[in-house]
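Protein chains in written order, with the numbering used here: chain F, 1355 to 1624; chain L, 9 to 857; chain E, 185 to 493.
Note that beta-carbon positions come from the ideal geometry of N, C-alpha and C, so glycine has one too.
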């Protein structure tokens, strides 16, 4: 296996230019969104709205201004698949169409995917959508085809401000820690790294955020969907026992009482 | 261009974006740097990471503001007040870099007593002719010593011209105390530009203004440098050139010019806009910033022209060499000293032929045919309706663009055609659409915002019948030359003798579509010796005797020999990267860099060293190519009798100017010093002077081009126009691309919640914006990024709209140019779309019945 | 309001619509009827099982319909075999971490047991008389293997009835992820609906009265239990209660599912002659409709408003 690669998304240098998204679409030959969805959305400068089958990368525009503008900021976040160490999509995929590559990235095998859409809800970040055209689940591949020939992902190459830094995860983490320290010293008190090993075992594509994750629409503490599964199975067994017992009770009760009941009923009916 | 040229000598950005990373304070004003120049903006972020202040001063909180350390709001069109107040602050608090100001600028020069300031004449300078709406600039000259000439006889044409036009050296007062010294005039001129005035006129809170002033003062001087960045937010005003001048004066006072991390970054929007000005596509210049001949000046013969245009002292003493080399490049062997090298065959301007006048002439039937290449006037021209009306009067029009732009389809898709006001059959213009190739389908060079030529290789053949503009122009030339081959008329001489054949494509270039030989074109631009066609390595080799040819002297050196194309060089390093591409002039990255050293040629400080005098090598050395005579010692004395650079001392860094210094006081069509005038459409009257608007502004008294004037109740809101990262200009290269169209699919109006509340408008609502010129409809984007500003007691609301839409393409919408006004700055005839007034109402245009 | 609020604006809906609703519904009935019939088979007299055996007629066809629905719901239905076989390595596709994989197998396994019972029902109804088949079917339902066969079959049925809930719960859509009670709810609802279908299938015969009575009583228990589970479920959703409990889905839940599908039938169980002889029929139909809309609400409600819905 090759080294573990990923990307650091440094929101302190993201200028919201969306070049990453365009480069992504160009390289991966993703179409424009369906025409009825191409419209002014009023979400600041975001007219894509969401990661989707046609948007493997999406830039969020977060305007936060108080009334007198004394506290004002406009935050940008270039979002994509995080290539989690514990990948919910991969865990729930019933056909092993979602696999981990030699680069330790999460990749959807489009020859195996059946389009059941379970991964869509298995992802804690809302990354995946199934293509209406191809019928398979779509998301960032971290440009697997480019990695295989030694190129960096298209978005990272297009990013004009090095906000998207591609590389080996451990060294990116060191870079991020350095940036975190620098920004703290410049007065960005809430700056933090999102995606260390405490988040789903570590995100290969991780973030340097200027504030709490929920400001950016990221979950504070995402979990694998399987966290629910065992509890759910336990309740299933309890339910099974309860219904079984109830049914048994209904069918095994003494005949005489039934008989009496039935007689009574018949009397009434007459 | 004249904004920087008048102050420093050349119109180009004085530094490079890369160099901005070395700044300690960056003021971005009149520019949305991050959105419109995202690649260069990385260096601003680099500076910010290193602890620099990044201050964005703008009416709107933009993606640039988001990245800045400080955002300062202001009203559109009041930049001179803000900058003037900074000058006032620097002068009154003695924050200027005295040694720099005394020695490197014309602050100590003494102005003639015929000069009267705006302080004396209520907003006008002396010499104003109200009928002609122009100034007699001779009243603003300096007091001069008597003229001295060298003893030796002039040898070359250039020498002769210089001898004939030589002026005396201006008188100076190095103590800066003389009441008519530039310094004292400046002080008086800006005395009313106070922080309180800023609050009143710009609407900027005083404390925010003082924060900027303090940051600039603290980050300028020997140890630190500050830099300014501007773009269309300064240029597109009736006082745009003077806004740039104000910054130039301020930066010179602070000693920030020619130094690492200092200067004025003129941000050019298009990848090749600098190149287009250099070569040029301008109506009034020839390649390399030589004047296009005009009948209004003494340009009758080549000698007349050279006497008028070349300068006896400073670098422009070389004008004859550049002009004659240009004529040799164009007319080849047919250009001889006998026929003034074909000078007479150059077209002569008879008036201002700028874009608006050209369309006015079109409208009036004087212009019959029109090549429209890479331009979209039907959507991108100010008062777009008028532009379409003008084009409808043409006999024929050729449109070349990758897509069928609004200009190509105005006859069937324009709003007035859709509404039935104009019928397609009534438009007689015959339109030929030629699909054009795009940048990757042809090789050639771009000259970017740092004056850097970068070569690009052709990557693919263009599809179908698409061809590059070069290809089209070459083929057109071939056809014309064929048509005129046998003509004996003298007027056809330039067509017959134009050198053309060497551009012929190479049929074995490996492509299906053969492009004209771009290396031959580059060689012609670079220059060569006429006799043996040897490439020239430097413009120092250019001659005024017809022995050299060069298509654009400022580019000489880009191809120093037949096998070297410096534009294609790709050797970067961790600072200026002299081995990457080619920066004109002579690969100098930071212009006027002699000013980075003190009078003795030592860097002002170790931290800010760039170019210095090496006593052992007896030459200037450093991190950049010195912008100075390479072996001229800093101690060299100025020769009063000298011509050209001899007139300058070893410590006069601004070699282009006759006196070798920054022209703090420098003549322009609207005055020698910047003065605040309100935009022609303005909500309030000029609080500084009786004179309301730029007295020399150019107006167009044509159909539906009405001005709103001052405080027009029908149009109470200030509008500013802007660009988005997602689109380019009027959108001909972006609104047809699905990936970009979806990112910004519809025109929108940015409006503050305060105003939106008054008008009961919510985000997503349709709104109609109206002016006397026309109407545009858009979706509302209610955002606190816009804010109402207090001007004295009055609240003024500002709204904003991006410029990119039109009625064709994937992303369609109103063009904001239905609203804009044709009006011109007196220096460059640029319009004023950054500040005008509008009305806004809820609903769509058609709901009004 | 933050337009990028994580819980309300960031997650995607899997676009599970009518195919999945119907699949969950028929799978519930298939499992419920099989379990009921099996319990009756294991506990009742020969006379009684003459009635309950009809329940065995439901499992196989419903499983086949369910399988069909599952396949057509796929965006690449021609690849449905990938659920069972991993072609890149040519090994069986079995993955314990995903309820969908287990569910696929469970559907097949239950299908086998349902087929046995289907055969047995045909034998009892004398539609199949081939001696080998008769012997085989009887051995599995009356003979020495009856207990093993039926208990294993019931386990498969229980899994089939509950895993759909586990499946929804093993996700990130708040309305599904918030409560582990979905599988119980689906099971109980499947049981009640399955029993209701069996009530409808039972002819009016004197020898079946005993069976009918027990069946109706079992159904009553299930309805009561379902009410309890449903209320607990909605309460356990916490702040996400609105995804099923308010708006269009809430109306359907409270009026159709709870009112018409549970409370009215309960009233009819309590007053069996409310509508004369048709009471049992009407109440059973209402229970079945309620069972359908329960899935409609629980499947669509939490997806509604999310990207891709």
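Going along chain F, which residues have a C-beta under 8 Å from residue i?
| i | result |
| --- | --- |
| residue 227 of chain E | 1602, 1605, 1606 |
| residue 74 of chain L | 1369, 1370, 1427, 1428, 1429, 1430 |
| residue 371 of chain E | 1590, 1593, 1594, 1597 |
Does the Cβ-Cβ distance between residue i and residue j come in under 9 Å?
| i | j | result |
| --- | --- | --- |
| residue 406 of chain E | residue 1449 of chain F | no |
| residue 293 of chain E | residue 250 of chain E | no |
| residue 715 of chain L | residue 707 of chain L | yes |
| residue 1485 of chain F | residue 1597 of chain F | no |
| residue 428 of chain E | residue 415 of chain E | no |
| residue 809 of chain L | residue 410 of chain L | no |
Residue i touches chain F at which residues, Cβ-Cβ below 7 Å?
| i | result |
| --- | --- |
| residue 796 of chain L | What residue 796 of chain L touches in chain F: nothing, since even the nearest Cβ is about 10 Å away. |
| residue 754 of chain L | 1393, 1394 |
| residue 195 of chain E | 1480 |
Decide if residue i is buried, meaning its Cβ has at least 16 other Cβ atoms within 10 Å, or exposed.
| i | result |
| --- | --- |
| residue 493 of chain L | exposed |
| residue 1620 of chain F | Because residue 1620 of chain F carries a pLDDT of 49, less than 50, the predicted location of this residue cannot be relied on, and no value is offered for it. |
| residue 1614 of chain F | For residue 1614 of chain F, the predicted structure reports a pLDDT of 47, less than 50, and the residue's modelled location is therefore unreliable. A value from the coordinates is still provided. That one is exposed. |
| residue 510 of chain L | exposed |
| residue 639 of chain L | exposed |
| residue 1441 of chain F | buried |
| residue 263 of chain E | buried |
| residue 499 of chain L | exposed |
| residue 229 of chain E | exposed |
Residue range of the beta strand (DSSP E) that residue i falls in?
| i | result |
| --- | --- |
| residue 449 of chain E | Taken as a continuous stretch (DSSP letters only), residue 449 of chain E belongs to no beta strand (DSSP E), being part of the alpha helix (DSSP H) at 448 to 454. |
| residue 1452 of chain F | 1452 to 1454 |
| residue 756 of chain L | 756 to 759 |
| residue 1461 of chain F | 1460 to 1462 |
Hey, is residue i's beta-carbon within less than 9 Å of any beta-carbon in chain F?
| i | result |
| --- | --- |
| residue 288 of chain E | yes |
| residue 776 of chain L | no |
| residue 771 of chain L | yes |
| residue 479 of chain E | no |
| residue 791 of chain L | yes |
| residue 353 of chain E | yes |
Quick one: does residue i have its CB under 9 Å from some CB of chain C?
| i | result |
| --- | --- |
| residue 1585 of chain F | Of the protein chains in this structure, namely F, L and E, none is chain C. |
Would you mind telling me which residues of chain E sit closer than 7 Å to residue i, beta carbon to beta carbon, in chain order?
| i | result |
| --- | --- |
| residue 1414 of chain F | 188 |
| residue 1390 of chain F | Ordered by position in chain E, no residue passes the 7 Å Cβ test against residue 1390 of chain F, which lies about 14 Å from the chain. |
Can a CB atom of chain E be found closer than 9 Å to the CB of residue i?
| i | result |
| --- | --- |
| residue 1580 of chain F | yes |
| residue 1474 of chain F | yes |
| residue 1561 of chain F | no |
| residue 1355 of chain F | The predicted position of residue 1355 of chain F is uncertain, since its pLDDT is 48 and thus under 50; a value taken from the coordinates is nonetheless stated next. Taking Cβ atoms only, chain E never reaches closer than 9 Å to residue 1355 of chain F, which makes this a no. |
Interface residues of chain L around residue i at Cβ under 8 Å?
| i | result |
| --- | --- |
| residue 1516 of chain F | 50 |
Under DSSP, the alpha helix (DSSP H) around residue i begins and ends at which residues?
| i | result |
| --- | --- |
| residue 564 of chain L | Run containing residue 564 of chain L: none; DSSP gives neither H nor E here. |
| residue 283 of chain E | 283 to 308 |
| residue 192 of chain L | 190 to 197 |
| residue 385 of chain E | 366 to 385 |
By the criterion of Cβ-Cβ separation under 9 Å, what are the contact partners of residue i in chain E?
| i | result |
| --- | --- |
| residue 1406 of chain F | 196, 491, 492 |
Would you say residue i lies against chain L (beta-carbon separation less than 9 Å)?
| i | result |
| --- | --- |
| residue 1451 of chain F | no |
| residue 1540 of chain F | yes |
| residue 1572 of chain F | no |
| residue 1520 of chain F | no |
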